[in-house]
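Residue numbers (the working numbering): 40 to 209.
All C-beta atoms in this analysis are idealised placements derived from N, C-alpha and C, irrespective of residue type, glycine included.
Note that this is a predicted model, so its numbers are computed, not measured.
These notes are about the structure you will find just below.
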Amino acid sequence: MMLPMADVETAHEQDRAEHHRAERRREANTMALYIGISLLAALTALPDSKPLHAHGLGVVWGITLGLALAHWFSFWVSAGEFDRHDARVAVSQLGGAVAVATLASIAMLVFPRKVELNGTELVLTLFVAVVGYLSMRWSGAGRTKAASFAFAILVIATLIVELKNWLAGY
């Protein structure tokens, strides 16, 4: 039995819409991971003796917005043209970046000055693991596999942060 043409078109549109939603979620997760790891590298490069509270929000938002804008600009240039779908992907990417910066900002404001740097680093580290876990779960993996993946993400992200800081001389 064949479906009427209208039903085929509707099913195709639904599949396409779901594909676009999955793509936007993946782009938001990618940006969130990228910004989270970059912020971790920047925060771990700060000297422990310097109070973060005085300029921490500027560091977090400056890095976040700078990287997000550079990424968006690169995305736009590489696409050659920029249509409505590309704009939605860019908004998703910006949403992922803003989510990380907001989380880091809240952590800085909540933790006492004495531990705000370490506390913010811990929150960002846990965020990276949670995004890794959720990405695996959304792709259909079971809890054990997703948890193992999240642990591996923690290890790899830590190595990236350390390598980045070592290469920069920190």
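Here G75 carries a helix assignment [DSSP, helix/strand/coil]. The C-beta separation of E201 from L82 comes to about 13 angstroms, leaving the pair out of contact by the 8 angstroms criterion. Of W177, E66, N204, V98, the smallest CA-CA separation from A140 is found for V98. Taking each of E52, L78, A71 in turn and checking the Cα distance to N157, the smallest one comes out for L78. Within its own chain, the residues whose Cβ lies closer than 7 angstroms to the Cβ of D125, once the five positions on either side in sequence are excluded, are A118, listed in chain order. By alpha-carbon distance to L106, the top candidate from R123, A191, A136 is A136.
A straight line joining the alpha-carbon of G134 with that of L165 spans about 19 angstroms.
Nearest Cα to V128 within the set T69, R182, K184, I195: T69. Residue environment for Y209: exposed (fewer than 16 other C-beta atoms within 10 angstroms of its C-beta). Taken through DSSP and simplified to helix, strand or coil, F190 comes out as helix. Classified as exposed, Q53 has fewer than 16 neighbouring CB atoms from the shown chains inside 10 Å of its CB.
Its Cα nearest to that of L72, the residue L163 stands out among L163, W205, F150, S113.
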